[in-house]
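Trainee:
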Amino acid sequence: MPAHPISMAVSLFFVINVLGNIPLFIGLLARYSPRQQRVILIREFVLALVILLLFNYFGANIFHLLGISQPILGMAGGILLLLIAIGMIFPKHDQEAGPKHEPILVPLATPVIAGPGSITAVMLFSSRLNDQLTMTMIIVGAMFVSFMITLIASLLKHGLGEKGLIAFERLGGMIVALIAVQMFASGAVDFVKQSFAI
Numbered sequence: 001m002p003a004h005p006i007s008m009a010v011s012l013f014f015v016i017n018v019l020g021n022i023p024l025f026i027g028l029l030a031r032y033s034p035r036q037q038r039v040i041l042i043r044e045f046v047l048a049l050v051i052l053l054l055f056n057y058f059g060a061n062i063f064h065l066l067g068i069s070q071p072i073l074g075m076a077g078g079i080l081l082l083l084i085a086i087g088m089i090f091p092k093h094d095q096e097a098g099p100k101h102e103p104i105l106v107p108l109a110t111p112v113i114a115g116p117g118s119i120t121a122v123m124l125f126s127s128r129l130n131d132q133l134t135m136t137m138i139i140v141g142a143m144f145v146s147f148m149i150t151l152i153a154s155l156l157k158h159g160l161g162e163k164g165l166i167a168f169e170r171l172g173g174m175i176v177a178l179i180a181v182q183m184f185a186s187g188a189v190d191f192v193k194q195s196f197a198i
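Per the working numbering, residue 1 is the first one in the sequence shown, and the count goes up by one each step.
#1: Would V192 be called buried (16 or more neighbouring beta carbons within 10 Å of its own) or exposed?
#2: May I ask you to verify whether the segment 85-92 touches the segment 26-42, counting CB pairs closer than 8 Å and requiring at least 3?
#3: Spatial neighbours of E96 within its chain, please: CB distance less than 6 Å, with the 5 preceding and 5 following residues excluded, ordered by chain position.
#4: Let me know if I152 comes out buried or exposed under the rule of 16 or more other beta-carbons within 10 Å of its beta-carbon.
#5: Under 8 Å Cβ to Cβ from N56, same chain only, skipping five residues before and after it: list those, please.
#6: Which same chain residues, not among the five before or five after S195, have their C-beta less than 8 Å away from its C-beta?
#7: For the segment 155-174 and the segment 36-46, state whether three or more C-beta atom pairs, one from each stretch, are separated by less than 8 Å.
#8: Please report the Cβ distance between I149 and L19, rounded to the nearest whole angstrom; I am assuming they are in contact, meaning their Cβ atoms lie under 8 Å.
#9: Hey, would you say I6 sits closer than 8 Å to L81, going by beta carbons?
#10: Have a look at the DSSP bridge pairing and note the partners of V106.
#11: Considering just the uninterrupted stretch of the alpha helix (DSSP H) at V50, what are its terminal residues?
#12: In whole angstroms, what separates the C-alpha of I22 from that of E162?
#13: Looking only at its chain, what residues have a beta carbon closer than 6 Å to the beta carbon of Q70, apart from the 5 residues adjacent to it on each side?
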């Protein structure tokens, strides 16, 4: 699992997977003017940021009340992130045009931006870092870069093309897969140590 804040920020950016979701962003916002698109993106990213910050500050308490230990969270989170990574490496880009109404909270803020993978990563990184202020800066940094990329989504799609976007998504998937395996391995080692008092 990444131990340095910069590594965590980069990892969270790849887990959010904004590059892989560019076709979805374009499809959902195509019917709106450029100004409306910016307003919608700002609103959805703010909502997603609030969701991630809530899990950063209160997620550990929720799992503590449920009796879920950090090693178990690490192993479960690793499995979940690995499944997400597999989906990134072997993407299915057959998304529908999306709902006719303006997207509010669903599906952009969650689960596209603040989805199961990014929420899990935030809670795992937060528990490992044990510094909520630094973790807040990590979340804000990763979200800001993701937001800036969505603002130029059309230019990126035109410049990179579908194949280029898929290539970047697969690269991100490989990185997320490595993070997932490390999370699971660290959780398993900690679980064995706690169980057998090693």
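Note that CB positions come from ideal geometry on N, CA and C, so glycine has one too.
Mentor: This is what the structure gives:
#1: exposed
#2: no
#3: Model confidence at E96 stands at a pLDDT of 47, short of 50, so the residue's coordinates are unreliable; what they give is reported in the following sentence. There are no such residues.
#4: exposed
#5: V122, M123, S126, Q132, M135, T136, I139
#6: none
#7: no
#8: 7 Å
#9: no
#10: I104
#11: 34-65
#12: 10 Å
#13: S127
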